[in-house]
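Enquirer:
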Amino acid sequence: MSLRVCLFDIDGTLLTSGGAGQVGMERALNEVFGITNHDVDIPAAGRTDRAITTDLFRHHGIELHDSNIASFLAAYDRHLPDALASCRGLVYPGIEPLLDELSNQSGVVLGLLTGNYRVGADHKLRHYKLNQHFGFGGFGDHHENRDDVARAAMQSLRDTVQRDVDLEHVWVIGDTPADVRCARAIGAKVVAVATGIFSAEDLEQSKPDHLFHDFSNFQQFLALLD
Numbered sequence: 746m747s748l749r750v751c752l753f754d755i756d757g758t759l760l761t762s763g764g765a766g767q768v769g770m771e772r773a774l775n776e777v778f779g780i781t782n783h784d785v786d787i788p789a790a791g792r793t794d795r796a797i798t799t800d801l802f803r804h805h806g807i808e809l810h811d812s813n814i815a816s817f818l819a820a821y822d823r824h825l826p827d828a829l830a831s832c833r834g835l836v837y838p839g840i841e842p843l844l845d846e847l848s849n850q851s852g853v854v855l856g857l858l859t860g861n862y863r864v865g866a867d868h869k870l871r872h873y874k875l876n877q878h879f880g881f882g883g884f885g886d887h888h889e890n891r892d893d894v895a896r897a898a899m900q901s902l903r904d905t906v907q908r909d910v911d912l913e914h915v916w917v918i919g920d921t922p923a924d925v926r927c928a929r930a931i932g933a934k935v936v937a938v939a940t941g942i943f944s945a946e947d948l949e950q951s952k953p954d955h956l957f958h959d960f961s962n963f964q965q966f967l968a969l970l971d
């Protein structure tokens, strides 16, 4: 029997951190570069943290080289836990029982396909007690294009399972049109969920294979895997 693979986005799909990621980045910019003016509108939904960092650095006139990025990321790693504790976030309806059920099914593998830096993904999932479900994934550390993150997630999957993977049984689950596009880039199927900033009508235009308003009735999602 073929493995059934579910690659989940985090923000807007599994949970909302209540803006903790932005707060963590603002505190990191302040600590490392002395930036105190955070009145800048940089789109985040569906984008990678590397792309967001590039925009932030350019806006503030910070040189975009490896040592600056490393210092910023280390500070973000330090500040994000406190930001998560102070911001009011939540896990979306149905997510916890859905992940519990998937984790207990034989032949199902769960991974991440997220624009978060890996340290950001780790902190968010630990804070909301979802980290035990995920052992591999693609992250936004090195890629500005989400399609490249999807390719990295597939390579991480193959390295983890050490066997052939049938793309007919690979599902990407996300809340933005970018999630739909990156699923198509790797030949996977895609479930869009309207728990983020995009409405169901917005997501429908990107033509996902399936569309949910949320996962309150998570059994409907489970039925797709059968």
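In this note's numbering, the protein residues as written are 746 to 971.
Ideal Cβ positions, reconstructed from N, Cα and C, are used throughout, including at glycine.
(1) Is the region 867-877 touching the region 748-764, taking contact as three or more C-beta pairs under 8 Å?
(2) I need the boundaries of the alpha helix (DSSP H) containing I797, first residue and last residue.
(3) Can you look up A937 in the DSSP assignment and give me helix, strand or coil?
(4) For the region 944-957 against the region 914-923, do three or more pairs of beta-carbon atoms, one drawn from each stretch, fall closer than 8 Å, so that the two count as touching?
(5) Can you give me the C-alpha to C-alpha distance between V813 and A898, rounded to a whole angstrom?
(6) Let's see if you can read the secondary structure: which residues bound the beta strand (DSSP E) around L752?
(7) Among P953, I942 and D892, which has the Cα closest to the Cα of I931?
(8) Note the first and the last residue of the continuous beta strand (DSSP E) segment covering I918.
(9) Please go through the same chain and pick out, in chain order, the residues whose beta-carbon is closer than 6 Å to the beta-carbon of R833, but skip the five residues on each side of it.
(10) So L829 is in the alpha helix (DSSP H); what residue range does that whole segment cover?
(11) What residue range does the beta strand (DSSP E) around F957 cover?
(12) Buried or exposed: S747, going by 16 or more other Cβ atoms within 10 Å of its Cβ?
(13) How many angstroms separate the CA atom of D811 from the CA atom of L818?
(14) Closer than 6 Å by C-beta to L844: which residues in its own chain qualify, once you throw out the five before and the five after it? Chain order, please.
(15) How many Å lie between E776 and H783 at the Cα?
(16) Quick check on L759: does DSSP put it in helix, strand or coil?
(17) Just to confirm, is the Cβ distance from F960 to Y837 under 8 Å?
(18) Check whether the Cβ atoms of G882 and S901 sit closer than 8 Å, and answer yes or no.
(19) Hey, could you find the ends of the alpha helix (DSSP H) D764 is sitting in?
(20) Taking the straight line between their C-alpha atoms, what separation do you get for N861 and T905?
Expert: Straight from the coordinates:
(1) yes
(2) As a first step, residue 797 is located in the sequence shown; it is residue number 52 there, counting from the start. D794 to H805 is the extent of the alpha helix (DSSP H) around I797.
(3) Working through the sequence shown from its first residue, we reach residue 937 at position 192. Looking at A937 - three-state DSSP - the assignment turns out to be strand.
(4) yes
(5) In the sequence shown, counting from the first residue as 1, residue 813 sits at position 68. In the sequence shown, counting from the first residue as 1, residue 898 sits at position 153. The sequence given here places Asn at residue 813; Val does not occur at that position. Going from the Cα of N813 to the Cα of A898 covers about 26 Å.
(6) The sequence position of residue 752 within the sequence shown is 7, counting from 1. Here the beta strand (DSSP E) through L752 covers R749 to F753.
(7) Working through the sequence shown from its first residue, we reach residue 931 at position 186. The candidate whose alpha carbon is nearest that of I931 is D892.
(8) On the sequence shown, residue 918 is found 173 positions in, with the first residue counted as 1. Looking at the DSSP string, the run of the beta strand (DSSP E) that includes I918 is V915 to G919.
(9) For the purposes of this step, residue 833 is taken as residue 88 along the sequence shown, with counting starting at 1. The answer, listed in chain order, is G763.
(10) Along the sequence shown, read from residue 1 onward, the residue named residue 829 stands at position 84. Here the alpha helix (DSSP H) through L829 covers D811 to S831.
(11) The residue given as residue 957 occupies position 212 in the sequence shown. H955 to F957 is the span of the beta strand (DSSP E), which, as asked, contains F957.
(12) Residue mapping note: residue 747 aligns to position 2 of the sequence shown, counting from 1. Answer is exposed; the Cβ neighbour count stays below 16.
(13) On the sequence shown, residue 811 is found 66 positions in, with the first residue counted as 1. On the sequence shown, residue 818 is found 73 positions in, with the first residue counted as 1. So the two alpha carbons sit approximately 10 Å from each other.
(14) For the purposes of this step, residue 844 is identified with residue 99 of the sequence shown, where counting begins at 1. Around L844: H878.
(15) As a first step, residue 776 is located in the sequence shown; it is residue number 31 there, counting from the start. As a first step, residue 783 is located in the sequence shown; it is residue number 38 there, counting from the start. Those two C-alpha atoms are separated by around 13 Å.
(16) Taking the sequence shown and counting its residues from 1, one reaches residue 759 at position 14. Of the three classes helix, strand and coil, the one that applies to L759 here is coil, per DSSP.
(17) Reading the sequence shown from its first residue, position 215 is the one you call residue 960. Reading the sequence shown from its first residue, position 92 is the one you call residue 837. Yes, these two residues count as a Cβ contact at 8 Å.
(18) Taking the first residue of the sequence shown as position 1, residue 882 is located at position 137. Taking the first residue of the sequence shown as position 1, residue 901 is located at position 156. In this structure, S901 lies closer than 8 Å to G882 by Cβ.
(19) Numbered from 1 along the sequence shown, position 19 holds the residue referred to as residue 764. This sequence places Gly at residue 764; Asp is not what is there. Segment: none, G764 is in no alpha helix (DSSP H) and carries neither H nor E.
(20) Within the sequence shown, numbered from 1, the residue matching residue 861 stands at position 116. Within the sequence shown, numbered from 1, the residue matching residue 905 stands at position 160. When rounded, the distance between both Cα atoms is 20 Å.
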